[in-house]
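Participant:
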Amino acid sequence: MANHSKAKRGIPPKSDFNSWYPAIVEIADLVDKRYPIKGMDVWKPYGLSAMNLIDQLARGEMLRTGHQEYRFPLLVPEALLDKENRLVSRLKAAREAGVDPSELRLDEEESGFKKEVYWVTHGGENKLEIPMFLRPTSETPMYTMFSLWVRSHADLPLKTFQIVNTFRYETKQTRSFIRVREIHFFEAHTVHADQHGADMQIQEDAEMVQRIMHDLCLPSLVSQRPVWDTFPGAWYTKAADVVMPNGRTLQVATYHHYRDQWAGAFDLSYEDPNGETQMCHQTTFGMSERLLGAVVGMHGDDKGLVMPPSIAPFQVVVMPVASHSDGNVIPAVQALAADLNASGLRATVDSRDVRPGVKHYDWEIKGVPIRVELGPRDLKSSKCVATLRTGGKVEIDLDEAPAKIRQMLLGISDELRNRANSLVSDLVQEFPIENLDSKDNLDSIIDEGIVYEIAFDGNDSDAEFLERKTGLTLLGECDDPFAEPRECLVTHNPTTKKQYIARMY
RNA sequence: GGGCCUGUGGGUUAGUCUGGUCUAUGCUUGUUGCUUUGGGAGCAAUAGACCCUGGUUCGAAUCCAGGCAGGCCCA
Numbered sequence: 070m071a072n073h074s075k076a077k078r079g080i081p082p083k084s085d086f087n088s089w090y091p092a093i094v095e096i097a098d099l100v101d102k103r104y105p106i107k108g109m110d111v112w113k114p115y116g117l118s119a120m121n122l123i124d125q126l127a128r129g130e131m132l133r134t135g136h137q138e139y140r141f142p143l144l145v146p147e148a149l150l151d152k153e154n155r156l157v158s159r160l161k162a163a164r165e166a167g168v169d170p171s172e173l174r175l176d177e178e179e180s181g182f183k184k185e186v187y188w189v190t191h192g193g194e195n196k197l198e199i200p201m202f203l204r205p206t207s208e209t210p211m212y213t214m215f216s217l218w219v220r221s222h223a224d225l226p227l228k229t230f231q232i233v234n235t236f237r238y239e240t241k242q243t244r245s246f247i248r249v250r251e252i253h254f255f256e257a258h259t260v261h262a263d264q265h266g267a268d269m270q271i272q273e274d275a276e277m278v279q280r281i282m283h284d285l286c287l288p289s290l291v292s293q294r295p296v297w298d299t300f301p302g303a304w305y306t307k308a309a310d311v312v313m314p315n316g317r318t319l320q321v322a323t324y325h326h327y328r329d330q331w332a333g334a335f336d337l338s339y340e341d342p343n344g345e346t347q348m349c350h351q352t353t354f355g356m357s358e359r360l361l362g363a364v365v366g367m368h369g370d371d372k373g374l375v376m377p378p379s380i381a382p383f384q385v386v387v388m389p390v391a392s393h394s395d396g397n398v399i400p401a402v403q404a405l406a407a408d409l410n411a412s413g414l415r416a417t418v419d420s421r422d423v424r425p426g427v428k429h430y431d432w433e434i435k436g437v438p439i440r441v442e443l444g445p446r447d448l449k450s451s452k453c454v455a456t457l458r459t460g461g462k463v464e465i466d467l468d469e470a471p472a473k474i475r476q477m478l479l480g481i482s483d484e485l486r487n488r489a490n491s492l493v494s495d496l497v498q499e500f501p502i503e504n505l506d507s508k509d510n511l512d513s514i515i516d517e518g519i520v521y522e523i524a525f526d527g528n529d530s531d532a533e534f535l536e537r538k539t540g541l542t543l544l545g546e547c548d549d550p551f552a553e554p555r556e557c558l559v560t561h562n563p564t565t566k567k568q569y570i571a572r573m574y
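Position in the first sequence (first residue = 1) + 69 = our numbering.
(1) Determine which residues share a DSSP beta bridge with leucine 443 and list them.
(2) Between proline 295 and phenylalanine 86, how many whole angstroms is the CB-CB distance? I'm expecting something under 8 Å.
(3) Under 8 Å: do the stretch 268-281 and the stretch 478-490 share three or more Cβ pairs, one atom per stretch?
(4) Along the alpha helix (DSSP H) that carries histidine 368, what are the first and last residues, could you check?
(5) What ranges does the beta strand (DSSP E) occupy inside the stretch 488-543, keeping only unbroken runs of at least 3 residues that lie completely in it?
(6) Using DSSP's beta-bridge definition, name the partner residues of arginine 220.
(7) Can you tell me whether glutamine 384 is buried or exposed? The criterion is at least 16 other CB atoms within 10 Å of its CB, across all chains shown.
(8) Taking the alpha carbon of methionine 348 as the reference point, which residue from Tyr327, Pro550 and Ala524 has its own alpha carbon closest?
(9) Whole-angstrom Cβ separation of lysine 102 and serine 245, contact assumed at under 8 Å?
(10) If you pair each beta-carbon of the stretch 144-163 with each one of the stretch 396-407, do three or more pairs fall below 8 Å?
(11) Tell me the residue span of the beta strand (DSSP E) that contains methionine 310.
(12) Look at the Cβ atom of tyrosine 339, then the Cβ atom of aspartate 224, and state whether they are nearer than 8 Å.
(13) I believe isoleucine 281 touches serine 357 by the beta-carbon criterion, under 8 Å. Please report the beta-carbon distance rounded to the nearest angstrom.
(14) Mind checking who glutamate 556 pairs with in its DSSP beta bridge?
(15) Assuming contact is defined by CB atoms lying nearer than 8 Å, are tyrosine 187 and phenylalanine 202 in contact in what I supplied?
(16) Per the DSSP calculation, tryptophan 112 is bridged to which residue(s)?
(17) Using a Cβ-Cβ cut-off of 6 Å (strictly less than) and excluding sequence neighbours within five positions of threonine 459, which residues of its own chain qualify?
(18) Let me check understanding here. Comparing Cα to Cα, which of His429, Gly426 and Val390 lies closest to cysteine 453?
(19) Kindly identify the DSSP beta-bridge partner or partners of cysteine 453.
(20) Taking Cβ to Cβ, would you say valine 493 is nearer than 8 Å to proline 288?
(21) By the three-class DSSP mapping on this structure, what secondary structure does leucine 117 have?
(22) Would you kindly work out how many angstroms separate the C-alpha atoms of alanine 571 and isoleucine 199, rounded to a whole number?
(23) How about methionine 367 and alanine 489: are their beta carbons less than 8 Å apart?
(24) Please list the segments of the beta strand (DSSP E) lying wholly inside the stretch 288-357, counting only runs of 3 or more residues, in order along the chain.
(25) Go through its chain and collect everything with a Cβ distance to valine 321's Cβ below 6 Å, but skip five positions before and after it.
(26) Hey, out of His283, Tyr90, Glu273 and Ala97, whose CA is closest to lysine 228's CA?
(27) Can you check whether the CB of methionine 131 is closer than 8 Å to the CB of alanine 257?
(28) Might you give, ordered along the chain, the residues of its own chain that have their beta carbon closer than 7 Å to the beta carbon of cysteine 557, omitting 5 neighbours on each side?
(29) Just to check my reading of the structure: threonine 456 and threonine 352 have Cβ atoms closer than 8 Å, yes? What is that Cβ distance to the nearest angstrom?
(30) Would you call the CB atoms of leucine 374 and alanine 97 closer than 8 Å?
(31) Looking only at its chain, what residues have a beta carbon closer than 8 Å to the beta carbon of serine 221, apart from the 5 residues adjacent to it on each side?
(32) In three-state terms, what does DSSP make of lysine 161?
(33) For glutamate 239, which residues in the same chain have their Cβ closer than 7 Å to its Cβ, ignoring the five residues on either side in sequence?
(34) Give the straight-line distance between the Cα atoms of glutamine 568 and isoleucine 465, rounded to the nearest whole angstrom.
(35) Can you list the alpha helix (DSSP H) stretches of 4 or more residues lying completely in the stretch 203-257, in chain order?
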């Protein structure tokens, strides 16, 4: 058909995910990528609206769990970075040497961090005596202040969060929402009296991640990152990864247990009830616009986006049909939308003077969960026709519309979860061979579009062997181990440690 | 980190190899008007581009260098 491509507004098939993704974010009007700086897209109203709704989910969790919202400055003086770099390089050296960090002296080694930040070196025409950088994350500025705020055990726990933009000078290929240079970022930082307090916080973080992922209808793999992939300064790092349709995993949330390692570097201590000075224990929990990237990638299809109802900027679009032939249509449509909005749904009216087909296609591309048509025919029978983005059309009574539609949205969420789960279960597979003999040629065995589940309990060099051999990256150890011990893929020791290897974004 | 490719109206595309025919092609989109309107309507008019800087040349969208931007592959 000549207008085949036109019929889909030039959307490549989703089976070609690497072309589909960058196309759909622009066609669905989430962002405009033409701003002339690499990795810095312009957020358009529709995309921003969805992102704001994701932020609201995070904010809701924060308030529910007693965190308070702050906003710290964007600029950080270089001197503070030095403090952090010393901590990071000390821990890194300790890790490499396999010794306790406290046994190492502070050295002046410069970490690679400096290369990844944007520097502000001038104020007007004057060169700044102390250069400043744009936060890549906010540990440094926040902990500087925390050490002023926390003095007594009564000040703890301190549970904070902020939703801000952070900056990273990415040199690799950038991708909307997935790898960008200006990152819309959520970060929660907490301070506790002891390790137990921080342990509990990590548990709470895990629950919050699960709740948010549920709202977004996204299944995720949670694992503890290997030591070498642990956030600088952290005792351990846990991460939630979403499996994208091309088999690559996307890290969408992380939470770090710092123990008292950062507290040492930033002099974060308090007086306990006995009047003794104690070091604080800390955690952080971070998420970003990658959540939106995951939603786009996971739920979208050949026809466009599919928005989960929880973050759909419009959950329902009401479209008048043949309103020119019946003056009652427009008022009825407006009344219906008002009804839906009054019942707490996000509904809008598309009263553009275009053909109905155009409206359907437009909102289909944008992934609106339910499109409602209302025309003269329906008015006679007091009904309207609802079309689901996930498929199907139903006639519903006008007086029951809000309740029915609310129910249908729940059904759509369930359907999206089912679809996502079945996609992921296709993409996550057991490793095809029992052990990695170095003679094996794995090219014909490894499928780069698959996430492999393996038994692995090796050390750094075993992991390096594994990664080099397979060309995949180790995500880390899962929370749910195998029920029965299995043979480790590399060491051949029996283990219940379940791990995933995949190509990561 | 290493290598490769690309840059033409808002989008997409012809032209680039082999400099002059380009005062730059088609489709789409935008705007205006009329007719239309239950899943992408039609006709007409109109608007709109050679990434930037430098070089070679009588002459550059086309060749060369650098920059910026985008994409791909490998580590």
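In this text, a Cβ means the ideal position worked out from N, Cα and C, and glycines have one as well.
Facilitator: Answer, in terms of the structure:
(1) For leucine 443, which the question treats as bridged, DSSP gives the partners Pro389.
(2) Rounded, the Cβ-Cβ distance is 27 Å, inconsistent with contact.
(3) No, the stretch 268-281 is not in contact with the stretch 478-490.
(4) Taken as a continuous stretch (DSSP letters only), the alpha helix (DSSP H) holding histidine 368 covers 359-368.
(5) Entirely contained in the stretch 488-543, the beta strand (DSSP E) runs reaching 3 residues are, in chain order, 497-499 and 520-524.
(6) According to DSSP, arginine 220 bridges with nothing at all.
(7) Answer is buried; the Cβ neighbour count reaches 16.
(8) Here the closest residue by C-alpha is Tyr327.
(9) Cβ atoms of lysine 102 and serine 245 come within 8 Å of each other, at about 6 Å.
(10) Counting Cβ pairs under 8 Å, fewer than three are found: no touch.
(11) The residue you asked about is not methionine; residue 310 is aspartate in the sequence shown. Taken as a continuous stretch (DSSP letters only), the beta strand (DSSP E) holding aspartate 310 covers 305-312.
(12) Contact: yes.
(13) The distance from the Cβ of isoleucine 281 to that of serine 357 is about 12 Å, inconsistent with a contact at the 8 Å cut-off.
(14) Looking at the DSSP output, glutamate 556 bridges to Pro563.
(15) Cβ distance < 8 Å, so tyrosine 187 and phenylalanine 202 count as in contact.
(16) For tryptophan 112, which the question treats as bridged, DSSP gives the partners Val100.
(17) Only Ile481 and Glu484 meet the Cβ criterion.
(18) By alpha-carbon distance to cysteine 453, the top candidate from His429, Gly426 and Val390 is Val390.
(19) Within the DSSP secondary-structure output, cysteine 453 pairs in a beta bridge with Ile465.
(20) Against a cut-off of 8 Å, the Cβ pair of proline 288 and valine 493 comes out as a contact.
(21) Under the three-state reduction of DSSP output, leucine 117 falls in the helix class.
(22) So the alpha carbons of these two residues sit roughly 42 Å apart.
(23) Between methionine 367 and alanine 489, the C-beta gap is smaller than 8 Å, which places the two residues in contact.
(24) Qualifying beta strand (DSSP E) stretches, in chain order: 290-293, 305-312, 317-328, 338-340, 346-348 and 350-357.
(25) Contacts found: Ala309, Val311, Arg359, Leu360 and Ala363.
(26) Measuring from the Cα of lysine 228, the nearest candidate turns out to be Glu273.
(27) The answer is yes: Cβ separation under 8 Å.
(28) Closer than 7 Å at the Cβ level, and outside the excluded window around cysteine 557, lie Ala524, Phe525, Asp526, Gly527 and Thr564.
(29) Contact doesn't hold; Cβ gap of about 45 Å is too wide.
(30) For leucine 374 and alanine 97, yes; Cβs fall inside 8 Å.
(31) Hits under 8 Å: Tyr339 and Glu340.
(32) The answer is helix: DSSP assigns lysine 161 an H, G or I state.
(33) Only Gly108, Arg248 and Arg250 meet the Cβ criterion.
(34) Across the structure, glutamine 568 and isoleucine 465 are spaced so that their CA atoms are roughly 48 Å apart.
(35) Restricting attention to alpha helix (DSSP H) runs no shorter than 4 residues, the stretch 203-257 encloses them at 208-218, ordered along the chain.
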